[in-house]
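See structure below.
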Amino acid sequence: MQKAFGRKKVILMFLLPALIVYILFVVVSVVWAGFYSFFDWSGVGEKTFIGIQNYVQLMQDATFWATVGHTLAYTVICVLIQVFGGLLFAIFLTRLTKGRALLQTLYYVPVVISSVAICQIFSKLLSVTPIGVINAVLSIFHADLATMEWISNGEVSLYVAAFVEGYKYLGLYMVIFYAALIGVPKDLEEAAIVDGANVIQQYWRVKIPYIKPVIISNCILVLNGSLRSFDISYLLTKGGPGNASELMSTYMYKQAFSSMKYGYGSAIAMVIVIICMVVGFTFRRVTERGETA
Amino acid sequence: MKMKKLTALLLAGVMVMSAALTGCGSGDSGSGSEKDSGGQAGERKKITVLLRSSETSAKYIILKKLLTEFSEENGLEEPEFELVSGDADYVTKLQLYINSNSLPDIYGCANGALSAAAKDIDAMVNVGDELERIGMKDDMNSAVYDFFTDADDGNVYLFPESLNCEFFFYRKDIFDKYDLEAPKDWDEFLAVCKTLKEKGEIPVVVAGKENWQLMRYLSFAPWRMTKDGFIKGYMEGTETFSDNIAAKSGAELLHTMGTEEYFQGGFLSTDYTAATDLFFGGTGCMWYSGSGQITQASEMYEAGELGFFAVPDVKGEDNMDTNVPIHGGFGTAFNAQTYDDTMKECFQYICENYSEACYKEAKVFSPFNDEMPEGLDSLFYDLYPMFETATDAWVSWDDKLDSATLTSLVDEQQKLAQGSETPEEFEKAADSFITK
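Chains as they are written, first to last, in the working numbering: chain A, 203 to 495; chain B, 773 to 1208.
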């Protein structure tokens, strides 16, 4: 049996179905988008070949570069909330002896609730007219906070959207970290205690370094997810007001489907793919270097 | 070993063949469904419909009733409805159908790139000609007919959803309390807003999340002063926001409304449903809405708490006579490729019974000039004189502007309303979209 699993053909047999699906649904789509990016096309009717004109326009598009900045800020907030917040929550969970399962379930609930519902809930919570729960509570401390605009204020709408995204997926990463933390061998913990380590030192010196590969994997997952993030920003703020919370993906969607500039939208999609790959590889390289050092 | 390879090759061949045949089979079934609905080949079995609508929308209610009745009378199967409520989703769906040349018998379509593409593949019946054929062209409200006139060839390819007239609802009780009168021009309107604001009221409720609601404030003045003159000139590059008095006036109005806080707090995140609930729930003093909300408004109107007024004039300028925006909603097209004798009969049946379905089922104004039945909410009878003789339709910028300009303008109008952009900056940005 073991011999069979070692044979190339058998390995290929197991890998091939997934590879075919991946090629069909991801690679072909990317290549197709790349093809469309060389055309001026409204999505219907005739396509006009315009070479790299869409890319030239994209390089000069100030709104697009603003969305790149927004996406990076959005990603940083999401990494902070989902990875570090998730890790913190997981650590707290490991310290609990009672009610852990209940809390774990409660924290996980937003993950299974659809983005539409989450955005609706936050729209109501953050509402100004009629006053939502958050402003009502804040107004206890300062009356002006009753009229604080969260979603429709260009200065904070991006951060609010990032917070909601972070909140939604925090539970998912918390569960992964929790599983990793309880998988840390007991003898390592005991050895640390014998060496006189306090609780913080046990985590900081022993457990967190032990689960470093999980932290890196989660960081990559969150990085990629946030760079391509679409639903929360689109549903909550529609990228607005103006373009204040516009992300690369919502801008791509608007260009392709609202402005009906499929070619230009495809060019943006290609740049998103490239940015995701560059960020992903760079992050991997940096963390690999850290591992070898 | 060779035998094994041969068998493997044979099996692979069989798989490829079966996959190919499955593909052919599905192609067959596709054309079969075309046969089911269309009149290109074979006998029609049912009528297929694609609508940008929900199950509570007037359009669906009307067509569902009429097409079901027609199908029953003509021995057809139940009509097949496909409903898509989201704008962007609907556009994507329609593009898919146009590109694959497989549009249903009846489909919703807005004037613009999509209707042009549908015309290119000969999938739009000339509704004007058809109305003429059945002798009902003159029965349709002139303004509604005008609304759907194609800018390229002057024909009408879209059938109206209903007659929609837009106006401001206002809280009579609050106006009486502060001794205010319904404004006649925009200066009076802003003065009323100022007074209400000073009294601690919310002057105007607006659904700022919906593109069209803020765009109305931008386009009121250009419409009253130029009808479609400005927007056509803007698209052609002969008019600019920076130079046109009407357009400048519109930009100034929206900026003032937003920055003076005459709209409710957080207005940019309020959608139409929420704004409706706010106003009819007792928040705010004015709300730009229309005949589509008669049902919600009736109770307050009967109690004497609500009044209505038309779009104010631009003071000191020439304003056209029509002051109530009238339009036919999101148009409906009939697919010319499947427009057989049954569909011709169906069209006639729809037209002849449309008014009854509008008033009795959907509670909206009919686009035909038929007499209104008795027993409707009194708002129906009180609103009717406002548009009875109107001949000029509303000029919807959403339809006139190309998608790219519209999307950019929507972003800019939000900045303008929120005050993060001055009217001058807005005008400059809006003008740059055309030179681009």
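Where is the CB? At the ideal position from N, CA and C, for every residue including glycine.
Which class does residue i belong to by DSSP, given the choice of helix, strand or coil?
i       : result
B/R816  : coil
B/L823  : strand
B/D1085 : strand
A/F432  : coil
A/R209  : coil
A/I166  : In the structure displayed, chain A extends from 203 to 495; residue 166 of chain A sits before or after that span and is not available.
A/I336  : helix
B/T779  : Unreliable positioning characterises B/T779 in this predicted model, as indicated by a pLDDT of 49, which lies under 50. A coordinate reading is not provided.
B/C881  : coil
B/L875  : coil
B/E938  : strand
A/F365  : helix
B/M912  : strand
B/T921  : strand
B/D743  : It is not possible to answer for residue 743 of chain B, since the shown part of chain B is limited to 773 through 1208.
For a cutoff of 7 Å on Cβ pairs, would you count residue i as touching chain B?
i      : result
A/N445 : yes
A/T489 : no
A/S244 : yes
A/G467 : no
A/E351 : yes
A/V239 : Here the sequence assigns Ser to residue 239 of chain A, which means Val is not the residue at that position. By this cut-off, A/S239 is not an interface position.
A/T484 : no
A/S354 : yes
A/V223 : no
A/T250 : no
A/V330 : yes
A/G442 : yes
A/G247 : yes
Using beta carbons (cut-off 7 Å, strictly below), is residue i in contact with chain A?
i       : result
B/S1041 : yes
B/T1028 : no
B/K1187 : yes
B/T794  : Since pLDDT at B/T794 reaches only 40, below the 50 mark, its modelled position is unreliable, and the value read off the structure follows with that caveat. It does not; no Cβ of chain A falls within 7 Å.
B/D1183 : yes
B/S1192 : yes
B/G1079 : no
B/Q1036 : yes
B/T1031 : no
B/A1023 : no
B/A1129 : no
B/A1202 : no
B/A860  : yes
Do residue j and residue i come within 7 Å of each other at the CB atom, strictly closer than that value?
i       : j       : result
A/A292  : A/M376  : yes
A/M462  : A/S244  : yes
B/F939  : B/W1059 : no
A/K409  : A/V386  : yes
B/R824  : B/Y862  : yes
A/T269  : A/L449  : yes
A/L328  : A/W352  : yes
A/F266  : A/L260  : yes
A/Y238  : A/Y464  : yes
B/Q1068 : B/F1052 : yes
A/F379  : A/L289  : yes
B/L1241 : B/A1105 : This structure gives no information on residue 1241 of chain B, because the portion of chain B shown stretches from 773 to 1208.
B/A1129 : B/L838  : yes
B/F1159 : B/V1096 : yes
Check your understanding: Going along the segment 868 to 899 of chain B in order, which residues come within less than 7 Å of chain A, judged by CB to CB distance?
Key -> Those residues of the segment 868 to 899 of chain B placed with their C-beta closer than 7 Å to a C-beta in chain A are I870, N871, A885, L886, A889 and D892, ordered along the chain.
Review point. What residues in the segment 264 to 275 of chain A bring their beta carbon closer than 7 Å to a beta carbon of chain B?
Key: none
Review point. What alpha helix (DSSP H) runs, 4 residues minimum, are completely inside the segment 300 to 329 of chain A?
Key: 302 to 314 and 317 to 327
Check your understanding: Along the segment 958 to 979 of chain B, what residues have a CB closer than 9 Å to any CB found in chain A?
Key -> I974 and V977
Exercise for review: With 8 Å as the limit, tell me which residues of the segment 825 to 843 of chain B have their beta carbon closer than that to any beta carbon of chain A; keep them in chain order.
Suggested key: none
Practice item. May I ask you to list, following chain order, the residues of the segment 448 to 463 of chain A that have a beta carbon less than 9 Å from some beta carbon of chain B? Key: Listed by position along the chain: E448, Y455, K456, Q457, F459, S460, S461, M462 and K463.
Exercise for review: Within the segment 1054 to 1104 of chain B, note down every full beta strand (DSSP E) run reaching 3 residues or more, in order along the chain.
Suggested key: 1058 to 1062 and 1078 to 1081
Practice item. Could you please tell me which residues of the segment 978 to 1001 of chain B, in chain order, have their CB closer than 8 Å to any CB of chain A? Key: If the cut-off is 8 Å between Cβ atoms, the segment 978 to 1001 of chain B has G980 and K981 near chain A.
Review point. At what residue ranges does the segment 995 to 1063 of chain B contain a whole run of the beta strand (DSSP E), taking only runs of 3 or more?
Key: 1058 to 1062
Exercise for review: At 4 residues or longer, and completely inside the segment 409 to 468 of chain A: list those alpha helix (DSSP H) runs for me, N to C.
Suggested key: 414 to 429, 433 to 438 and 450 to 455
Practice item. Pull out every residue of the segment 397 to 420 of chain A whose Cβ sits closer than 8 Å to any Cβ of chain B, in chain order. Key: none
Practice item. Anything in the segment 1165 to 1179 of chain B with a Cβ closer than 7 Å to a Cβ of chain A? List those residues in chain order, please. Key: S1175, A1176 and T1179
**Study point:** Runs of alpha helix (DSSP H) wholly within the segment 1143 to 1190 of chain B (minimum 4 residues, chain order)
**Key:** 1150 to 1159, 1169 to 1172 and 1175 to 1190
Point to revise | Interface residues of the segment 917 to 943 of chain B facing chain A [CB-CB below 8 Å] | key: none
Point to revise | Members of the segment 1050 to 1083 of chain B that neighbour chain A once the beta carbon cut-off is set at 7 Å | key: L1050 and T1055
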